[in-house]
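For reference, the structure is listed below as C-alpha cells.
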Amino acid sequence: MDLENKQTDPQREDSERAEKRKKRRKKERLQALAIVGGAALVLVLIIVGIISAVVHAVTSKKTGNTDSGKADDQVVMQEEADSEVAEEADLPSDDSSVKEETTDIGDDENADETTDESASASDGEADTTEGEAGAIEGEAGAIEGEAGAIEGEAGAIEGEAGAIETADTEDPVDGTDSSEETVQTAGDSGKKDSTSSKTDDTLSSLLKKDITAHDEEIKKEIAEMTLEQKISKLFIVTPGQLTGTEIEPTNVGSKVGEKLAAYPVSGLLIKKQNLKSEEELKSMVSNIRLMSQGNLFLVIEDAGGPESPFVTSGITENVVASQKEIGETLGSAGAYSAGISIGSQLKHYEFTVDLAPTADVSKSPSSYAAGHGFGTDMETTADLAKNMVRGLKDQGVLSVVCSFPGYGDVNGNGSSGPISTQRSKEQLIEDSKPYQEAIKAGADMVMISHVGIPKLRGDQRPASLSKELITDIVRDEWEYDGVVITDYMDKTCIYTKYTYAEAAAGAIEAGADILLATKNFQKSYNGVLDAVKKGQISEERIDESVLRIYRLYYQLKDAENAE
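Its first residue numbered 44, the sequence shown is counted upward by one per residue in this note's numbering.
Shown next as C-alpha cells:
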C-alpha cells in the first residue's frame with residue numbers, strides 16, 4: 044500500500060508541475076497579448092489622429108476654395124458686366140490676345156491640377172504600414188486635387204474676363220492726336236455697332252438703379268425746403284442774369300453771394316462773356332464754390348471746335364475737333380477722344396456740366412444743325428453722340444444731349460424769331476434714336492429745343508413748352524425719368540407770343556425740370572411761384588423736378604468720394 048502511494052506521488056507531482064507550467068505559459072501569453080494589444084491600441088490612436096488631421100486640413104482647404112470660388116464668381120460677373128458696357132463704346136479690342144492669355148492661364152491651372160492629383164496618388168501609396176489610413180489620406184488628396192481643378196477653372200474664367208476688360212476699356216486715343224490706324228479701327232467698329240436691345244435694357248436698368256440710390260435722403264431734404272427754395276432749383280442762369288445786370292461779370296463778389304442765398308438756383312452758367320483769363324476764371328470758380336455751399340452745378344457749353352469758350356477767350360490755344368469734323372473724318376475714336384479732352388479741361392477748372400453733345404441730324408445744308416451736329420446720317424450721329432458722352436463721363440463731367448426734336452430741318456435757332464418743323468409725331472419718334480442712344484450711354488440730361496411742331500399740336504407752340512412732346516413722347520414713349528432741361532430761354536422766338544412768366548410756368552407744366560438762361564430771371568421765377576400758389580402747377584410736380592436734380596448732385600458727390 045505504501046509502495047503504491049509512493050509511486051503515485053511522483054506522478055501527481057509531475058502532473059501538478061506540468062499544470063503549473065501550462066498555467067504560467069498561459070499567463071505569459073496573456074501578458075504578451077496585453078502588451079501587443081496595448082501597442083496596437085496606441086498605434087490605432089495615432090492612425091486615427093493622423094486621419095482626423097488630414098480630413099480637417101482637406102475640409103478647411105475645400106471650404107476656402109469654395110469661398111474663393113464664390114468671390115471669383117462675383118468678380119467675374121462684375122467684370123463681365125463692365126466689359127459689356129465697355130464693348131458698347133465701339134472701341135478696338137484684340138481678340139487674339141485675349142484667347143492666347145486665356146489659354147495660357149488654363150494650361151497653368153491644368154498643370155497644377157495634374158501635379159495635385161499625382162501628389163495625392165503618391166500619398167495614397169507611400170506608407171503601407173498605415174493601411175486604411177493611407178487609403179483615406181489618398182482619397183482626401185484626390186478631393187483636394189478636384190477642388191484645385193475647380194479653382195483653376197474659375198481662375199481661367201476670371202483671367203479671360205480681365206483680358207477682355209483690358210482690351211475693351213483701353214483708351215483708343217491719347218488726347219486729340221490719334222493715329223490714322225486707331226481712328227480707322229474705332230470708326231469701323233462704330234459702323235458695325237449692332238448693340239442688342241437686351242444690352243440697352245441692361246444699361247438703362249443699371250443707370251436707373253445708380254441714380255435712384257439716394258432717393259430716401261433726397262426726399263428728406265426736399266421735405267425741409269421751402270416752396271421758394273424748391274422753385275429756385277428749377278433754374279440755371281448766368282451770374283449776370285442772377286443779379287439782373289446786362290453785362291456779364293468776369294468775376295463774382297458779394298452781390299452774387301447774396302442772390303445765391305436768396306435764390307439757391309440749381310446751377311450757374313458760365314458763357315464766353317464771363318471768361319477773360321485763366322487766373323480770373325480760377326478766382327471766379329473758387330468764389331462761386333465758397334458761396335454755393337455745395338449743391339450747385341457749374342455749367343458751360345463746350346462741344347469743341349474753334350467756338351469753344353476757352354479758345355475764343357484766349358485761355359487755351361488747343362482746339363479740340365468740332366462735331367462736324369468728327370462726323371466727316373474722325374469717327375468713333377474721334378468722338379470719344381473729343382469727350383475725353385473736353386471733359387479733362389472742364390474738370391481742371393471744376394466745371395460739372397457740359398451742354399454737349401448736339402445729337403441733331405442735319406436734313407438740309409442750310410439747317411442750323413448742319414454747322415453744329417455730326418452730320419446727315421442718323422446711325423452715325425447716334426454712334427458719335429454716345430461716344431462723346433462716354434468720353435465726358437469718363438472724366439466725371441455731366442453731359443446734356445441737345446436739342447430734341449432738333450434743328451435739322453430749320454434755319455436758325457430761334458434767336459431771330461419763331462421756327463418750326465413740319466415733321467409728324469411718327470417722324471419725331473423715328474428721329475429720336477441719337478438722343479436715346481446718348482442717354483443709354485450715360486447722358487445726364489436731355490435738352491428740348493424751341494422748335495414749333497404744328498403737326499403734333501396744331502399750333503406753333505415751342506417744343507420746350509409742349510406737354511405733347513416732353514411728357515407724351517420723352518417721358519412716356521421713351522420711359523425717360525431723368526432731367527429735362529430747356530434750350531436757352533433768352534431766345535426771341537419765345538417772347539413774341541409769351542411773357543416771361545407764361546413761358547417759365549408753361550415749360551414746367553409741360554414737364555421740364557430746369558429752365559436754362561431765362562432772359563429775365565426774377566419775372567420767370569415769380570411766374571412759376573404764382574402758378575403753384577394758384578394751383579395751376581402742384582407742389583408735388585415741383586418736388587418731382589427737384590428730386591431729379593438732386594439725384595445728379597448726389598451722383599457728383601459719389602464720384603468725388605470715390606476718387
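Cβ atoms here follow ideal geometry from the backbone N, Cα and C, with glycine treated the same way. Just so it is clear, the structure is predicted and the values come from calculations on it, not from any experiment.
CB-CB under 8 Å to residue i, same chain, minus the five flanking residues each way: which ones, in chain order?
i, result
"L499", "S467, K468, L471, S509, E511 and L512"
"K298", "T286"
"E350", "S365"
"D437", "G382, I383 and G386"
"L590", "D258, I261, K262 and I265"
"Y541", "L508 and G549"
On a CA-only basis, which of the options is nearest residue i? Give me that one, please.
i, options, result
"S463", "N330, E321, L441 and A506", "A506"
"I290", "K562, L595, G570 and Y596", "K562"
"M431", "S407, Y392, I482 and E301", "I482"
"S409", "E603, D420 and D452", "D452"
"K476", "Q465, G501, C445 and P461", "C445"
"A486", "I516, Q503, G525 and V517", "G525"
"Y411", "E393, I358, A428 and K367", "K367"
"P461", "D502, A428, M488 and D474", "D502"
"P497", "E473, Q465, I516 and L324", "Q465"
"Y543", "D573, K390 and G283", "D573"
"L324", "S335, Y596 and G357", "G357"
"Y450", "K429, L595, M490 and R332", "M490"
"V354", "L595, S320 and M488", "S320"
"L270", "S588, K600, L595 and Y596", "S588"
"K504", "V575, N604, E583 and Y538", "The amino acid at residue 504 is misidentified as Lys; the sequence shows Arg. The shortest C-alpha separation from R504 is found at Y538."
Alpha carbon to alpha carbon, how far is residue i from residue j?
i, j, result
"D533", "L312", "13 Å"
"K276", "V443", "17 Å"
"V363", "K314", "18 Å"
"T372", "A425", "16 Å"
"A402", "E545", "28 Å"
"G495", "G370", "27 Å"
"I592", "S459", "31 Å"
"L559", "D530", "6 Å"
"S407", "T423", "16 Å"
"A550", "P448", "15 Å"
"I254", "V280", "24 Å"
"G233", "Y379", "Bear in mind that the predicted position of G233 carries a pLDDT of just 38, short of 50, making it unreliable; the figure below should be weighed with that in mind. C-alpha separation (whole angstroms): 11 Å."
"M334", "I580", "30 Å"
"G613", "M268", "This structure does not reach residue 613, given that the chain is present from 44 up to 606, and the question cannot be answered."
"Q598", "R518", "21 Å"
"M421", "A428", "10 Å"
"G348", "K577", "46 Å"
"E606", "G416", "33 Å"
"L595", "G310", "12 Å"
"S375", "E583", "42 Å"
"Q227", "S405", "Note on Q227: pLDDT 33, under 50, position unreliable in the model; the coordinate value appears next. Each residue's alpha carbon lies about 24 Å from the other."
"A23", "I516", "Outside the shown range of the chain, which is 44 to 606, sits residue 23, and nothing can be said about it."
What does DSSP give as the partner residue(s) for residue i in the beta ladder?
i, result
"Y531", "L559"
"I279", "G310 and L559"
"G495", "S463 and P505"
"L595", "Answer is none; L595 lacks a bridge partner."
"C536", "Note: C536 sits in no beta bridge, so no partner."
"M431", "Paired residues: none, contrary to the question."
"I513", "Paired residue(s): none; I513 is not in a bridge."
"D397", "I343 and S442"
"V526", "M488"
"F447", "I491"
Could you pull out every residue in the same chain whose Cβ sits closer than 6 Å to the Cβ of residue i, ignoring the five residues on either side in sequence?
i, result
"G457", "H493, K534 and C536"
"V396", "F340, V342 and L441"
"G337", "none"
"M488", "V443, V526 and I528"
"T359", "F353"
Got a sec: is the Cβ-Cβ distance from residue i to anything in chain B below 8 Å?
i, result
"K367", "As a matter of chain content, chain B is missing from the structure shown, which is built from one protein chain."
Tell me, to the nearest whole angstrom, how far the beta carbon of residue i is from that of residue j; I am working on the premise that it is less than 8 Å.
i, j, result
"F278", "I557", "7 Å"
"L435", "G382", "5 Å"
"Q565", "W521", "With a Cβ gap of about 34 Å, Q565 and W521 do not count as contacting."
"P292", "N317", "7 Å"
"A602", "G439", "5 Å"
"P282", "V295", "5 Å"
"A346", "A399", "4 Å"
Within a Cβ cutoff of 7 Å, which residues of the same chain sit near residue i, ignoring the five residues on either side of it in sequence?
i, result
"A547", "L558, T561, S567, G570 and V571"
"A553", "L508, S509, K510, I513 and T514"
"V328", "L341, Y392 and E393"
"K302", "L285 and T286"
"P454", "In the sequence on display, residue 454 carries Asn and not Pro. Excluding sequence neighbours, N454 sits near S409, S410 and Y411."
"G300", "M334"
"Q272", "P307"
"R433", "A132, Y379, G382, A484 and G485"
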